[in-house]
Amino acid sequence: MKLNFLRSTARPALFFSLALAGLLLVNCSKDDDNPPEYDFEDQFEDLDELPDVDDPDPEITEPNTGKVEESAAKQDLTNDLADGGDLSTETEQSLEAVGDFSETLSLENQQAAADLTSEKIEEIFNAEELSSDLQDLEAALENAPAEVLNLLPVIDLGDNLVVTEGSSVVQNDFTRGKASTKQQTSGCEAAAQAAYEKAMADPIAKHEENLGIIEANYVRRVGEAELRADNRLEALNQTYEDYKSQFQAAAIQLLELADSYADTNPDIAEEIRELALIFTVSSRQALKEWYAAGVSTINQKEILEVQTAEEIRDEKLEIENANFEAIKEEAQNKLQAALNECHDQGSGS
Numbered sequence: 164m165k166l167n168f169l170r171s172t173a174r175p176a177l178f179f180s181l182a183l184a185g186l187l188l189v190n191c192s193k194d195d196d197n198p199p200e201y202d203f204e205d206q207f208e209d210l211d212e213l214p215d216v217d218d219p220d221p222e223i224t225e226p227n228t229g230k231v232e233e234s235a236a237k238q239d240l241t242n243d244l245a246d247g248g249d250l251s252t253e254t255e256q257s258l259e260a261v262g263d264f265s266e267t268l269s270l271e272n273q274q275a276a277a278d279l280t281s282e283k284i285e286e287i288f289n290a291e292e293l294s295s296d297l298q299d300l301e302a303a304l305e306n307a308p309a310e311v312l313n314l315l316p317v318i319d320l321g322d323n324l325v326v327t328e329g330s331s332v333v334q335n336d337f338t339r340g341k342a343s344t345k346q347q348t349s350g351c352e353a354a355a356q357a358a359y360e361k362a363m364a365d366p367i368a369k370h371e372e373n374l375g376i377i378e379a380n381y382v383r384r385v386g387e388a389e390l391r392a393d394n395r396l397e398a399l400n401q402t403y404e405d406y407k408s409q410f411q412a413a414a415i416q417l418l419e420l421a422d423s424y425a426d427t428n429p430d431i432a433e434e435i436r437e438l439a440l441i442f443t444v445s446s447r448q449a450l451k452e453w454y455a456a457g458v459s460t461i462n463q464k465e466i467l468e469v470q471t472a473e474e475i476r477d478e479k480l481e482i483e484n485a486n487f488e489a490i491k492e493e494a495q496n497k498l499q500a501a502l503n504e505c506h507d508q509g510s511g512s
């Protein structure tokens, strides 16, 4: 049997359809290999810069640790006695008051005045603790008459510094540039996050640098306050030794003046010796009181300087953290705008 095959007119259309489908498949494959590119860096270009730290050192003033001086009445009396002429009425009255006061003291103190030497004066100034008799004399001086008190050393205790409670430390707890949005996974959102982190890299680095400067300045200032306190204490110790030598010499001078009157006026000589003992004991006590107050002033000044360093640090940290948070908030707003743009384009999750 003979078979006749008819040529179909639809065959060319079929071939064309297959070719078109293949072309579309190729194009889709190429699109998958080259996903769309997203660039959000230009949206962060105008992000503010973090300023440098403005942290000048505070002005430092030296504390007044006071002084100890001979009274004007004592100096006038010494000059009058050393003059060798007739004694003034003031000098005679002062010495008479000293004699009357000495009669109220124990016999041991009266004998100590009679036996006083330059070596014993030095021993009294250097003694860690006075004998019981001299302690009684020291206590009795608190109720001595004005004429006697006017001959004793005058103490200026210097500054009375007041230390308040220390400042509270400002905690530096900052979030390093992570947006407060949920984790995103699309290419658009990843590009926005990458642009945000790139824009925040410099502010974060600058923030850490500024924090380091603030902390370093604080540590340095505390160290300098400690060093100044050490130097001030060293100077106070030297001044104490100078004062001790000065008052010791003044007491010995009285003893020498007493010896000069021993032959011509033994009563005056006895009163001068009694004054020499009283002046020695009183000077030692005055120096101790002045020195203790000076040490306290130096310690209080150091505390105040450290507190000032803390207050400056806290203030600078507060300013620095506020500046950084403002930039971070600005960047996060830009990031959120970029993420919203991704969502509007249909790239959101």
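Just remember that my numbering sits 163 ahead of the position in the sequence shown, which is counted from 1.
The beta-carbon is built from N, C-alpha and C at its ideal position, and this holds for glycine as well.
Note that this is a predicted model, so its numbers are computed, not measured.
Beta carbon of residue i nearer than 9 Å to that of residue j
i	j	result
Y424	A432	yes
F442	L314	yes
E204	A368	no
D211	K479	no
L467	L324	yes
G457	T228	yes
E232	D319	yes
K451	R395	no
P316	K407	no
E208	A354	no
V261	V311	yes
A439	I223	no
E352	C505	yes
P226	G321	yes
I415	S234	no
R476	E378	yes
Exposure of residue i, with buried meaning 16 or more beta-carbon neighbours within 10 Å
i	result
E492	exposed
K497	buried
N373	buried
A472	buried
S446	buried
R170	Confidence is the limiting factor: at R170 the pLDDT is only 47, short of 50, which leaves the residue's position unreliable and the question unanswerable from this model.
S192	Any reading at S192 must be qualified, since the residue scores a pLDDT of 48, below 50, and its modelled position is unreliable; no value is offered.
A309	exposed
T427	exposed
L390	exposed
E305	exposed
D336	Bear in mind that the predicted position of D336 carries a pLDDT of just 48, short of 50, making it unreliable; the figure below should be weighed with that in mind. Label assigned to D336: exposed.
G340	In this prediction, G340 has a pLDDT of 41, which is less than 50 and means its spatial position is unreliable; what the coordinates show is noted afterwards. Buried, by the Cβ-count rule.
T590	For the chain, the structure presents residues 164 to 512; residue 590 sits outside this window and is missing.
A494	buried
A421	buried
Q356	buried
Residue from the options whose Cα sits closest to the Cα of residue i
i	options	result
E271	L300, N484, Y381 and Q470	L300
D405	Q273, D426 and Y454	Y454
L244	I435, A494 and R476	I435
I580	L420, E389 and H370	This structure cannot settle anything about residue 580, because the visible part of the chain is limited to 164 through 512.
P214	A388, Q508, F487 and P429	F487
N462	Q356, E397, T402 and P221	E397
Assumed close pair residue i, residue j - CB separation to whole angstroms, cut-off 8 Å
i	j	result
A364	A501	Not confirmed; about 17 Å, so no contact.
S269	E437	With a Cβ gap of about 13 Å, S269 and E437 do not count as contacting.
L279	S257	About 19 Å; that fails the 8 Å criterion.
V444	I287	7 Å
Any non-hydrogen atom of the ligand FAD within 8 Å of residue i CB
i	result
E492	The ligand content of the structure shown is nil, which means the ligand FAD is not present either.
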